[in-house]
Amino acid sequence: MATIDARRRLERRRALRASAIAFVSTVVVFGALGWVVVNAPGWPDVQESFFNGPIFVESAPSIVRAFLVNIRMFVVAEILVLALGLVIAVVRSLPGPIFFPLRILATVYTDIFRAIPGIVVIFMIGYGIHGLGFLDPKTDKVWYGIAALTLVYSAYVSEVYRAGIESVHPSQDAAARSLGMSRLQSLRHVVIPQAVRRVIPPLLNDFIGLQKDTVLVSFIGIVEIFRQAQIKQAASFNFTPYIVVALVFILVTIPLTRLTDLLISRDRRQAAAGGQR
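Residue numbers for the sequence shown, in the numbering used here: 9 to 285.
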């Protein structure tokens with residue numbers, strides 16, 4: 009018992025020492041970087057152009073309000089991407105010659121929208137869709153931005169789903185089929201639920217990218233956070249509004265990134281625990 013207590017005290021001391029070393033090294037490294045930056049010859053000009061306090065305070069409220077447009081596009085596009093990406097992945101996994109045309113169509117869709125830069129898709133949808141004559145010219149361009157983001161990211165997400173579907177062992181499908189389920193029933197009740205659980209971490213990574221790419225819709229005239237920063241920058245001849253944009257995305261994105269890392273670590277621990285059984 010005494011040996012166990014001594015070992016625990018030793019482990020606590022080692023943990024405290026490691027934490028202290030990490031803290032001191034972090035302070036030293038970031039302190040040195042900060043000292044180099046603020047003592048650079050051009051720092052006063054950079055500070056005035058990018059870190060102007062009064063302009064920051066004046067521009068922040070309107071920029072933060074404009075971020076609500078980005079949130080709206082992100083939420084709607086995320087729902088559409090989850091649904092469309094899953095449909096494409098399921099179509100690509102359907103066996104048999106009768107589904108060959110659908111598999112080809114899904115493959116072509118995925119290849120094309122993964123190959124074309126997102127900004128090009130946004131321009132094509134934002135400025136070209138009027139020519140079809142199907143939509144009212146007065147339609148809010150936010151919906152064009154949502155459509156373009158959905159087309160691009162559903163192609164990426166479908167590949168994530170497909171990887172999850174293929175990671176489910178074929179014996180799972182065979183067992184379901186032996187119970188009298190059809191291929192579609194097996195996918196719905198056995199394969200897809202397991203696949204979705206396995207791909208949640210990579211899906212979160214894709215949605216972090218989707219959240220950031222909502223600023224690209226500013227190029228078709230939508231006044232969201234980046235376009236509002238451009239307006240403020242043009243009025244003040246100062247780049248500080250862009251720092252506001254950067255801070256907003258940092259505050260929103262970093263927690264999602266840490267959540268993704270947490271889920272990945274949990275999956276690794278579960279896989280390791282399963283392998284030791």
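Beta carbons are placed, not taken as given, at the ideal position from N, Cα and C, and that holds for glycine.
Are residue i and residue j close, meaning C-beta to C-beta below 7 Å?
i, j, result
"Phe64", "Thr261", "no"
"Ile96", "Ala114", "yes"
"Ile130", "Val225", "yes"
"Val252", "Ala68", "yes"
"Val160", "Gln180", "no"
"Phe82", "Gln238", "no"
"Gln202", "Val176", "yes"
"Leu92", "Val99", "no"
"Ile173", "Ser244", "no"
"Ile71", "Ile233", "yes"
"Lys149", "Gly229", "yes"
"Gly126", "Asp221", "yes"
"Leu94", "Tyr152", "no"
"Asn246", "Asn47", "no"
Put residue i into one of helix, strand or coil per three-state DSSP.
i, result
"Arg115", "First, the residue type needs correcting, since residue 115 is Thr and not Arg in the sequence shown. Of the three classes helix, strand and coil, the one that applies to Thr115 here is helix, per DSSP."
"Val207", "coil"
"Val54", "helix"
"Glu232", "coil"
"Ala48", "coil"
"Gly104", "coil"
"Asn246", "coil"
Output the boundary residues of the alpha helix (DSSP H) element that contains residue i.
i, result
"Val89", "Gly61 to Ser101"
"Val128", "Gly126 to Gly136"
Are the C-beta of residue i and some C-beta of chain D separated by less than 7 Å?
i, result
"Arg16", "Absent here is chain D; the protein component of the structure consists of one chain."
>> Extract the residue ranges of the beta strand (DSSP E) inside the region 142-195, only unbroken runs of 3 or more that lie entirely within it.
In response: none
>> Across the region 158-169 and the region 210-230, are there enough close Cβ pairs to call them in contact, namely three or more that are closer than 8 Å?
In response: yes
>> If contact is defined by three or more beta carbon pairs under 8 Å, each pair taking one atom from either stretch, is the region 82-89 in contact with the region 214-223?
In response: yes
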